[in-house]
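The sequence shown begins at 103 in my numbering and counts up by one. No residue lacks a Cβ here, since even glycine has one placed at the ideal position from N, Cα and C. Quick caveat: nothing in here was measured; it's all calculated off a predicted structure. To start, the structure itself, in structure tokens.
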Amino acid sequence: MRAIRCTAYGTPEDLVLTEIPTPTAGPGQLLVRVRAAAVNFPDMLFLSGGYQVAVPPPFTPGSEFAGEVVAVGAGVTGFAPGDRVAGSVLVGAFAEYVAVQARAVTRVPDGVGLDAAAAFGVTYRTAYFALRSTAGIGAGDTVVVLGAAGGVGLAAVDLAVALGARVIAAASSAEKLALCTARGAQVVIDYDRQNLRDEIKAATDGVGADAVLDPVGGRYAEPALRALARGGRFVTLGYASGQIPSIPLNLVLLKGITVCGMEIRTFFTDHPEEAARDTAELHEMFAAGRIAPHIGARFPLAEAGAAIRFVADRRALGKVIVELP
Ligand SMILES: NC(=O)c1ccc[n+]([C@@H]2O[C@H](COP(=O)([O-])OP(=O)(O)OC[C@H]3O[C@@H](n4cnc5c(N)ncnc54)[C@H](OP(=O)(O)O)[C@@H]3O)[C@@H](O)[C@H]2O)c1
Numbered sequence: 103m104r105a106i107r108c109t110a111y112g113t114p115e116d117l118v119l120t121e122i123p124t125p126t127a128g129p130g131q132l133l134v135r136v137r138a139a140a141v142n143f144p145d146m147l148f149l150s151g152g153y154q155v156a157v158p159p160p161f162t163p164g165s166e167f168a169g170e171v172v173a174v175g176a177g178v179t180g181f182a183p184g185d186r187v188a189g190s191v192l193v194g195a196f197a198e199y200v201a202v203q204a205r206a207v208t209r210v211p212d213g214v215g216l217d218a219a220a221a222f223g224v225t226y227r228t229a230y231f232a233l234r235s236t237a238g239i240g241a242g243d244t245v246v247v248l249g250a251a252g253g254v255g256l257a258a259v260d261l262a263v264a265l266g267a268r269v270i271a272a273a274s275s276a277e278k279l280a281l282c283t284a285r286g287a288q289v290v291i292d293y294d295r296q297n298l299r300d301e302i303k304a305a306t307d308g309v310g311a312d313a314v315l316d317p318v319g320g321r322y323a324e325p326a327l328r329a330l331a332r333g334g335r336f337v338t339l340g341y342a343s344g345q346i347p348s349i350p351l352n353l354v355l356l357k358g359i360t361v362c363g364m365e366i367r368t369f370f371t372d373h374p375e376e377a378a379r380d381t382a383e384l385h386e387m388f389a390a391g392r393i394a395p396h397i398g399a400r401f402p403l404a405e406a407g408a409a410i411r412f413v414a415d416r417r418a419l420g421k422v423i424v425e426l427p
């Protein structure tokens, strides 16, 4: 099969398209013909060996995919060849076929495209676990989303709107903010050109927001935290800016703010009941067409490296997809 390979730690430009043996479905696994794979921010980190979990080369990058089941391994029930599924792996998705644990895939609802299914899982789960279970966002709450036109950010905008919240979206360009508005954000702030804290305060009549979702970190975190209302929640999700912020704890003390983290892999094991409830609610909304990922760019398999570079260079609007027709 054709696969994109990282043969030594490096950059997206070092990736090569090559032929490797097609994997087989081992016990408990499915073999899936990949039709679409989504780029995620950590894909870049895997290539440099800089992710929390290092994978030694050679390996096939790509962690999120959708396609059709072509073979079912021993002990697997409930799936058959031809089933449309989406799932995630640590690495291996930028290839024509992927062998995956059956428990790591879900069925793609009828009427949902495989590209949308590939773009959905990681970012929407992250955003929903953060909004619903970590920040406790409900109808009428005001939530600030940083990096709001990125993968996690735009999913958070879509989901917060679906939950009935008022969304203040912050991002770095007019084009990104226009997309946030189109997806239902009521207030938009260009955090590279406007004063983030002052604009959030102005948009909340000086009261402050109920919650901040932050997948970016860096210099945006503190002004956003300063613009929380008393008792507000700050959810740290990631550091796409490359900088982990330090927050003066007196800011947390003075307004009784809760700062918490949410990490998708540990959330499933630490909070199994909330994860199961949230996942069921998410899939219901997805199948009903109430929420949908925005796909801002598409690349062929041979250009998967360019797709990763596109995301790393802060150019992506929503999700970037690698297509394998
Ligand atoms: N906690 C979890 O379980 C979890 C799950 C998935 C992802 N994450 C993390 O969340 C973060 C965002 O992931 P994502 O998939 O949303 O990524 P993404 O689609 O690339 O979006 C990241 C956003 O960060 C902003 N940004 C600011 N400075 C940047 C820089 N120097 N380089 C790149 N982007 C920059 C960009 O928006 P502007 O240009 O508008 O500033 C961009 O849209 C990553 O750190 C990822 O590892 C965490």
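Spatial neighbours of residue i in its chain, beta-carbon cut-off 8 angstroms, leaving aside the 5 residues before and after
i, result
"residue 111", "149, 150, 151 and 159"
"residue 97", "Look at the range of the chain in this structure, 103 to 427, and you will see that residue 97 is not part of it."
"residue 182", "171 and 174"
Exposure label - residue i; buried when at least 16 CB within 10 Å
i, result
"residue 162", "buried"
"residue 429", "The first residue shown for the chain is 103 and the last is 427, placing residue 429 beyond what the model contains."
"residue 106", "buried"
"residue 346", "exposed"
"residue 108", "buried"
"residue 187", "buried"
"residue 306", "buried"
"residue 118", "exposed"
"residue 131", "buried"
"residue 411", "buried"
"residue 166", "buried"
"residue 179", "exposed"
"residue 142", "buried"
"residue 426", "buried"
"residue 155", "exposed"
"residue 260", "buried"
"residue 356", "exposed"
"residue 417", "exposed"
"residue 350", "exposed"
"residue 190", "buried"
"residue 236", "buried"
"residue 404", "exposed"
"residue 374", "exposed"
"residue 338", "buried"
"residue 367", "exposed"
"residue 334", "buried"
Own chain residues within Cβ distance below 6 angstroms of residue i, not counting five before or after
i, result
"residue 258", "229, 247 and 315"
"residue 274", "294"
"residue 281", "251 and 419"
"residue 234", "380"
"residue 145", "163 and 410"
"residue 153", "144 and 147"
"residue 287", "259, 269 and 271"
Sequence-distant residues of its chain with Cβ nearer than 7 angstroms to residue i (five each side left out)
i, result
"residue 303", "310 and 329"
"residue 384", "226, 227 and 230"
Heavy atom of ligand 3 within 6 angstroms of residue i beta-carbon
i, result
"residue 274", "Among the ligands modelled here, namely ligand 1, ligand 3 does not occur."
Problem set entry | Under 6 angstroms, CB to nearest heavy atom of ligand 1: contacting residues | 142, 143, 144, 224, 225, 228, 249, 251, 252, 253, 254, 255, 273, 274, 278, 317, 318, 339, 340, 341, 342, 343, 344, 364, 365, 366, 413, 416 and 418
Exercise. Is it a yes or a no for the region 394-407 touching the region 209-228, going by three-plus beta-carbon pairs under 8 angstroms?
Worked result: yes
Exercise. If we count Cβ pairs, one from each stretch, closer than 8 angstroms, do we get three or more for the region 322-337 versus the region 198-208?
Worked result: no
Exercise. Are the region 252-272 and the region 237-244 in contact at 8 angstroms, needing three or more beta carbon pairs?
Worked result: yes
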